[in-house]
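Visitor: Quick one: the structure is below, questions incoming.
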Amino acid sequence: MELDRLDRDIIGALMEDARATYAEIGQQVGLSASAVKRRVDRLREAGTITGFSAVVAPQALGWTTEAYVELFCQGKTKPSDIALAVARFPEVVAAATITGEADALLHIRATDVGHVERVIERIAAMPFVVRTKSSIVLSRLVDTAVPTARNGSPITG
3 MELDRLDRDI IGALMEDARA TYAEIGQQVG LSASAVKRRV DRLREAGTIT GFSAVVAPQA
63 LGWTTEAYVE LFCQGKTKPS DIALAVARFP EVVAAATITG EADALLHIRA TDVGHVERVI
123 ERIAAMPFVV RTKSSIVLSR LVDTAVPTAR NGSPITG
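Residue numbering for the sequence shown follows the numbering used here, starting at 3 and increasing by one per position.
The following block contains the structure:
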């Protein structure tokens, strides 16, 4: 599905405030509330918009420490096997295959450094993991869920 300027503007408004009413979004993008609703419904049906959720500060839940862990796996471990294995850990908030020497990169959130260490030990014990390399985050310099232009609007293709 190709997105036009209005679709992108609607998505940008929803990313800024998913609780905004269709009328409020319509005022921002120059459409009626019903036209915005039709477009949002179409974007959801097409799978462009996959859902709406609350963004909660991890610190509010006690998850004050984070780390990035590179996984080095045996032989030709399939990405789907890695995904299935690490998905069992609630502390793993993101995982991706990457270029370079490592096979995957995990983003871990935990209550403290000891908690991170215990999670890494459990991950390292998985049969296909040869070794791990971890980095603890000291401070976040930029923390944006989705790339935006300097003016706050989403970057367009």
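Where is the CB? At the ideal position from N, CA and C, for every residue including glycine. Quick caveat: nothing in here was measured; it's all calculated off a predicted structure.
1. Can you tell me whether serine 36 is helix, strand or coil according to DSSP?
2. Which residue wins for smallest C-alpha separation from proline 129, given the options Arg40, Arg7, Val42 and Gly77?
3. Less than 8 Å between the CB atoms is what I'm expecting for alanine 126 and threonine 113, so what's the real figure, rounded?
4. Quick check on this structure: which residue in Arg7, Pro92 and Val57 has the alpha carbon closest to the alpha carbon of aspartate 145?
5. Since glutamate 68 is in the beta strand (DSSP E), which residue starts that stretch and which ends it?
6. Would you give the residue range spanned by the alpha helix (DSSP H) that alanine 112 belongs to?
7. Alpha carbon to alpha carbon, how far is valine 94 from histidine 109?
8. Considering Cα atoms alone, identify which of Leu16, Tyr70 and Cys75 is closest to arginine 46.
9. For arginine 90 and phenylalanine 54, what's the separation of their Cα atoms in angstroms?
10. If you reduce the DSSP assignment to three classes, tell me which class serine 136 lands in.
11. What is the rounded straight-line gap between the Cα of lysine 131 and the Cα of leucine 73?
12. The beta strand (DSSP E) with alanine 96 in it runs from where to where?
13. Report the option in Arg111, Gly116 and Ser34 whose CA atom is closest to the CA atom of glutamine 61.
14. With a Cβ-Cβ cutoff of 9 Å, do glutamine 29 and aspartate 11 count as a contact?
15. Relative to the alpha-carbon of serine 137, which residue among Leu107, Arg124 and Leu143 has its alpha-carbon at the smallest distance?
Guide: This is what the structure gives:
1. As a first step, residue 36 must be located in the sequence shown, where it is residue number 34. It is helical.
2. For this step, residue 129 is matched to residue 127 along the sequence shown. Looking from the CA of proline 129, the closest CA among Arg40, Arg7, Val42 and Gly77 belongs to Gly77.
3. Position 124 of the sequence shown, counting from 1, holds the residue named residue 126. Position 111 of the sequence shown, counting from 1, holds the residue named residue 113. About 19 Å separates the two Cβ atoms, so there is no contact after all.
4. By one-based count along the sequence shown, residue 145 stands at place 143. When the alpha-carbon of aspartate 145 is set against those of Arg7, Pro92 and Val57, the nearest one is in Val57.
5. Locating residue 68 in the sequence shown gives position 66, counting from the first residue. Counting along the chain, the beta strand (DSSP E) containing glutamate 68 begins and ends at 67-75.
6. In the sequence shown, counting from the first residue as 1, residue 112 sits at position 110. Here alanine 112 belongs to no alpha helix (DSSP H); instead the beta strand (DSSP E) covers 106-112.
7. Position 92 of the sequence shown, counting from 1, holds the residue named residue 94. Position 107 of the sequence shown, counting from 1, holds the residue named residue 109. Approximately 6 Å, taken between the alpha carbons.
8. Working through the sequence shown from its first residue, we reach residue 46 at position 44. For the residues Leu16, Tyr70 and Cys75, the minimum Cα distance to arginine 46 belongs to Leu16.
9. As a working mapping, residue 90 is identified with position 88 in the sequence shown. As a working mapping, residue 54 is identified with position 52 in the sequence shown. Taking the Cα positions, arginine 90 is about 23 Å away from phenylalanine 54.
10. Within the sequence shown, numbered from 1, the residue matching residue 136 stands at position 134. Secondary structure of serine 136 (DSSP, three-state): strand.
11. Against the sequence shown, residue 131 aligns to sequence position 129. Against the sequence shown, residue 73 aligns to sequence position 71. Reading off the sequence, residue 131 comes out as valine, not lysine. Near 7 Å, if we compare the C-alpha coordinates of leucine 73 and valine 131.
12. For the purposes of this step, residue 96 is taken as residue 94 along the sequence shown, with counting starting at 1. Counting along the chain, the beta strand (DSSP E) containing alanine 96 begins and ends at 94-99.
13. For the purposes of this step, residue 61 is taken as the residue at position 59 of the sequence shown. For the residues Arg111, Gly116 and Ser34, the minimum Cα distance to glutamine 61 belongs to Arg111.
14. Locating residue 29 in the sequence shown gives position 27, where the first residue counts as 1. Locating residue 11 in the sequence shown gives position 9, where the first residue counts as 1. No, the pair does not count as a contact, with Cβ atoms beyond the cut-off.
15. By 1-based counting over the sequence shown, the position of residue 137 is 135. In this structure, Leu107 is the residue among Leu107, Arg124 and Leu143 with its C-alpha nearest to the C-alpha of serine 137.
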